[in-house]
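Numbering-wise, the sequence shown is residues 1447 to 2314 according to the working numbering.
Have a look at the structure below, then the notes.
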Amino acid sequence: MKIGLLVFGLAGLLALISFMPPLAGRLRLPYSVLLAIVGFVLGVIIHVHGWAPGVVADFLDSLQNFEISSETFLYVFLPVLLFEAALAMNIRRLLDDISPILVMAIVAVVVCTVAVGFSLAAISPYGLVVCLMLGAIVATTDPVAVVGIFREVGAPRRLTTLVEGESLFNDAASIALYSVLLSVLFSGGEPSVTQVVVSFLLSFIGGGLAGLVMGRLATSLFRWLRGWPPAEITLTVSLAYLTFYVAEHYLGVSGVVATVVAGLVVGSNGRTRMSPTTFEQLEGAWAQFGFWANSLIFLFAAMLIPRMMAEITWMEVLLILVVFIVTLGARAVMVYGLLPLLGRLRLSTQVSPSYRAVMLLGGLRGAVSLALALAVTEQPAVPHEARQFIAVVTTGFVLMTLFVNGLTLRPLIARLGLDQLSPVDRTLRDQAQIVELEALRLRIDEIARHEHIGPEVLERLHAVFDASQTSMDAAQVQQLSMDQKVAVGMGILAGREEEMFFETLKAQVVDWRTAESLLARAERLGDMVRTGGLAGFESAIEGDLRYASTLRLALRLHHLTGKPFWLGRELARRFTNLMCKWAVARRLIQFARTDVQPLLGAEVTDIIIAAHQRRLALLEGALQALTLQYPSYARHLQEAYLARMARSLERMHYRDMLTHNLISGEAYSDLVQQVEMRWGPLETHPGLDIALSAEAMVQRVSLFEGLDEATMSAIGKVLKPRLAVPGQAIHTRIGRSHAMYFVASGAVALNLPDGTTAELGSGQIFGEMALAMNHDFQAQARSIGYSRLLMLQEKDFKRLLAQFPVLRDKIDAIVHQRLRAVEVWRQFESGQRQHEPLPDLHAARAVASVPQEQAAATTQPDAPTTAL
């Protein structure tokens, strides 16, 4: 086929499909149904177009000469469809409903395959493997028509997520089963359940891992392409095809799953790794790619229908009806049987009956089923009768789902009321209109005064305002309960918080790593607010202040190895996150006063503001604890924050000047370069130095004052520096041995056996009782702030005290004083009962291997003490 004629035919098809969406809307037909009709008509007339004029005849000739194979569908169109759908999917909402999605995507495919296969094998002359292969082909669903209807009628977002998520993964399950059964058919053996299950799991899980690696690799490359939007978008296009092909041909796993997972990774991480404007362009570009691919694949598949249905028999018509009924029954078992069971077992959130009814009819089939059936017809090893059977029954079944399910879905959604706003949304809509119309009336009156427009002209506009306000029930907002209004207001602020963090990223006030963390936390907080209201918010802010898993791991490794590098980096990241959250929390409170109060009233807004002020206080406390410990780093952060704000504002101002033709493009580029040179040095800040040098920390412990340099050096070599974060438990027993600690800076709370708490500050020690007495002392230590500690293990303790009598005497004084305090407490607790005598100081020394001749220690008057 000539290249010119091929381009002419494709251009003609693109021109044709550009008119399909508005035509489908006017005819109130699902878009896929209209494409199927047009494609079928084209498939008929391309064989009888002798009557057409020259241009039309050439166009039809080009379509007739298209070599449409199954590989064209699978390798040209399918990766684009999968990647575009995954890119647009909100991964957090997908994970919220991952249980019902995977059930419908995997278990439902298996159930449908088995049900169709055994049913047809019982009533038709075809073998079980052929019938099972047909079942796998018809098990995959096509969400395009369904989602198009959902968007037109305004169906709930969760329903759309369930249907789209199911389709993302059931293509993989269906194709994997099809491939295994096709290999069984070629080998001539009987299908093995173990073989099918193992092959399917390896293909599915392996594809997911391959997609995760490829997606992560691509997102890591975005920073090298930052500032070049065409290059970044091109990388995502190549990623879709490379992931699919590499997974299928080099790794032997599911290319469908790999492409879906890669798209999800780019969709979730791409908005932070690439520039925000580029990500917006990326979404628009992929929406265009998806529209082309979906329209063309459906049109080409529909054009094959006349050829594939040319030899249909009445027996095959009966088999089509059987397949339709069996697949509907199998889907009903899943929707009405297994999904409610998942809800009762608390493995998934409940799916409402109305949602289940729509999901039952929403299992439309489309181009993927036709492509797999076409692939069978291209296999010469498959008997002709089996190829004819699969092609005809699949095509007829796809047409039935499109015209029966597709045409009844819209009335069903309307009948169930899923196209209507909820009472809360209707109330907010009316209240928003009331507030806006009142403000708009004032603005219009002001414009009329400035423009000298007479009052007679305003009368008509005032009549419109009056009629609109009369039609709405102004008191409807009062029908909501206080809890409902508070929950709505908290949800509004949660959504606004996500927008603020994304605006911060767009202004490049934070780097992509920080933005990724902040956006993920904001999404989790928003989910908890939407499900739990005010209580969910309180729980979320407590969890938001907890230390990240990476910081806890870094802290654990620091305690094991003593290396503080990773810990310093994680603390610096927490510092930056707290500062950004604190800034956004302050802006949210102002947003509630100015924007939420007119909608929900002062009383509700006060409750919302009080909750956010509690959050602000918690953030301030956590931030102040770090700022007091690391004041210089806090100043560097503030400098970097202001520098990035200054850079963003200056760059935006130059952009406005360029837009208004005040400066040329060349001048704008030069000004932007100067902006980077001016503010760049202030943006960077040094790494967080957590100052855990043993030698430096020894100098800060008052217990070591007066010791000579040799003694201080020897002590510094055996003491191990440790950092404890606020609230962290400090263990004085490590394995089978004990350890004591010196507080170099910070504060430690000691929970004593009598229920009281003692606070230890800089220069004080704890854990020495267990070492001196050789048994576990019941006091529990917890860091109050960011505390720098020096740990002395038991073996080093014994050697150090034996080597340095001065240090031994000071510690003896503290042990003696604390032993006396414990004795007094025990006597008081026992009600003056006689106890066994406590171990004396000499016994403590003996356990610590201190020579007896040096046992005449006296209490030092200036020794550090603790108020017990």
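All C-beta atoms in this analysis are idealised placements derived from N, C-alpha and C, irrespective of residue type, glycine included.
Residue i (DSSP reduced to helix, strand or coil)
i: H2177; result: coil
i: E1897; result: coil
i: Y2079; result: helix
i: R2234; result: strand
i: F2212; result: strand
i: S1464; result: coil
i: P2322; result: The structure shown does not extend to residue 2322, since the chain spans only 1447 to 2314, so no value can be given for it.
i: R2020; result: helix
i: Q2239; result: strand
i: N1511; result: coil
i: S1927; result: coil
i: Q2070; result: helix
i: H2288; result: Residue confidence is low: H2288 scores 41 on pLDDT, short of 50, so the model does not pin down where it sits. Its coordinate-derived value is still stated next. Correct three-state label for H2288: helix.
i: A1457; result: helix
i: Y1572; result: coil
i: S2229; result: strand
i: F1486; result: helix
i: H2281; result: Low confidence applies here, because H2281 scores a pLDDT of 47, under 50, leaving its location unreliable and the question unanswered by this model.
i: V2171; result: coil
i: V2293; result: Interpretation of V2293 is limited by its pLDDT of 37, a score under 50 that renders its predicted location unreliable; the figure taken from the coordinates is listed afterwards. Note: V2293 maps to helix in three-state DSSP.
Cβ-Cβ distance between residue i and residue j below 7 Å
i: G1661; j: A1708; result: yes
i: V1839; j: K1931; result: no
i: W2028; j: L1999; result: no
i: V2030; j: P1752; result: no
i: V1556; j: L1848; result: no
i: L1631; j: V1575; result: yes
i: A2185; j: Q2239; result: yes
i: R2061; j: I1987; result: yes
i: D1976; j: G1937; result: Reading off the sequence, residue 1976 comes out as Arg, not Asp. Yes; because the gap between Cβ atoms is below 7 Å, this pair is in contact.
i: A1739; j: V1526; result: yes
i: E1530; j: W1674; result: no
i: L1528; j: T1705; result: yes
i: V1772; j: M1805; result: no
i: S1741; j: I1463; result: yes
i: S1508; j: G1455; result: yes
i: A2175; j: I2230; result: no
i: A1894; j: L1904; result: yes
Selection from the options that minimises the alpha carbon distance to residue i
i: L2217; options: A2193, Q2174, L2265 and L1574; result: L2265
i: V1703; options: R1719, F1646 and L1663; result: F1646
i: V2171; options: R2039, L1999, Y2232 and E1824; result: Y2232
i: P1829; options: L1788, L2006, L1628 and L2236; result: L1628
i: S1927; options: V2164, A1461 and G2047; result: G2047
i: A1561; options: G1775, V1903 and S2115; result: G1775
i: R2033; options: Y1993, E1949 and A1986; result: E1949
i: N1422; options: V1956, F2037 and P1476; result: Examination of residue 1422 is not possible in this model, given that the chain is present from 1447 through 2314 alone.
i: P1681; options: H1695, A1693, S1666 and H2082; result: Note that residue 1681 corresponds to Leu in the displayed sequence, not to Pro. If we check each option's Cα against that of L1681, S1666 comes out closest.
i: Q2120; options: D1990, A2063, R2093 and L2104; result: R2093
i: V1768; options: G1563, A2071, L1605 and L1818; result: G1563
i: L2315; options: L2003, S2078, V2118 and H2082; result: Outside the shown range of the chain (1447 to 2314) lies residue 2315, about which nothing can therefore be said.
i: F1650; options: Q1734, A1619, G1789 and I1899; result: A1619
i: A1430; options: G1972, T2203 and L1883; result: Outside the shown range of the chain, which is 1447 to 2314, sits residue 1430, and nothing can be said about it.
i: D1990; options: Y1691, E1969, G2213 and G1458; result: E1969
i: R2234; options: I2211, P2167, N1511 and T1873; result: P2167
i: L2072; options: E2016, A2038 and Q2036; result: E2016
i: G2209; options: A2190, F1735 and D1929; result: A2190
i: F1911; options: K2256, I1880 and R1833; result: I1880
i: E1678; options: E1726, T2007 and S2183; result: E1726
Heavy atom of the ligand GTP within 6 Å of residue i beta-carbon
i: Y1521; result: This structure lacks the ligand GTP; in fact it carries no ligand of any kind.
query: What are the complete alpha helix (DSSP H) segments, minimum 4 residues, inside the segment 1637-1720?
result: The segment 1637-1720 contains these whole alpha helix (DSSP H) runs: 1639-1671, 1675-1691 and 1701-1719.
query: Should the segment 1996-2014 be regarded as contacting the segment 2045-2059, the criterion being three or more beta carbon pairs within less than 8 Å?
result: Here the segment 1996-2014 does not lie against the segment 2045-2059, with fewer than 3 beta-carbon pairs under 8 Å apart.
Meets three-Cβ-pair contact criterion under 8 Å: the segment 1545-1559 and the segment 1604-1623: Yes: the two stretches touch, three or more of their Cβ pairs being nearer than 8 Å.
query: Touch check for the segment 1572-1583 and the segment 1816-1832: three-plus C-beta pairs under 8 Å?
result: In short, these stretches touch, since the Cβ pair count reaches three.
- prompt: Using 8 Å as the threshold, is the segment 1512-1519 in touch with the segment 1810-1819, meaning 3 or more CB pairs across them?
  reply: Taking a cut-off of 8 Å for Cβ pairs, the segment 1512-1519 and the segment 1810-1819 touch, as three or more such pairs fall below it.
Stretch-stretch touch, CB-based, cutoff 8 Å, three pairs: the segment 1788-1808 with the segment 1852-1863: At 8 Å Cβ cutoff, the stretches touch.
query: Which ranges does the alpha helix (DSSP H) cover as unbroken runs of at least 4 residues, wholly within the segment 1954-1986, from first to last along the chain?
result: You should have found no qualifying run.
query: Are the segment 1450-1462 and the segment 1711-1722 touching, with three or more C-beta to C-beta distances below 8 Å?
result: No contact exists between the segment 1450-1462 and the segment 1711-1722.
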